[in-house]
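Shown next, in structure tokens, is the structure this report addresses.
Residue numbers (my numbering): 587 to 685.
Have a look at this one:
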């Protein structure tokens, strides 16, 4: 795929295969990062690569802020945070799955 994109004169930053969320099986979906240049804007007109029909979309940003499932504060996730937990159901100092 990388060679095919380069033959179409697009300058890539990265090409990543997307995976299913929980079981990590590869999907037939790729995230292609292009350099910011006027020549790369024509990618939105492309309809096939490697004899495969494609649809090019602008990345969608998440509308909601990230919320910690441990303490219910915003801006980080529980993996990187080790303060006292707070239950989202009752507000006491225990994990929500224990309520």
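All C-beta atoms in this analysis are idealised placements derived from N, C-alpha and C, irrespective of residue type, glycine included.
| message | Buried or exposed, going by whether 16 or more other CB atoms sit within 10 Å of the CB of residue 601? | response | With fewer than 16 other Cβ atoms within 10 Å, it is exposed.
| task | Kindly indicate which three-state DSSP category residue 683 falls into: helix, strand or coil? | result | Helix at residue 683.
| If you draw a straight line from the alpha carbon of residue 632 to that of residue 619, how long is it in whole angstroms? | Taking the straight line from one Cα to the other gives about 15 Å.
| field | Bounding residues of the beta strand (DSSP E) (the contiguous stretch that carries residue 602) | value | Start and end: 598-605.
| request: Could you say which of 661, 672, 675 and 599 lies nearest to residue 651 if we only look at CA atoms? | output: That would be 661, whose Cα lies nearest to the Cα of residue 651.
| task | Return the CA-CA distance between residue 607 and residue 614, expressed in angstroms with no decimal places. | result | Whole-angstrom Cα-Cα distance: 14 Å.
| said: In chain order, what are the residue ranges of uninterrupted alpha helix (DSSP H) at least 4 long that sit wholly in the stretch 617-656? | reply: Segments of the alpha helix (DSSP H) lying fully in the stretch 617-656: there are none.
| Counted within 10 angstroms of its Cβ, other Cβ atoms place residue 605 as buried (16 or more) or exposed | Residue 605 should be labelled exposed.
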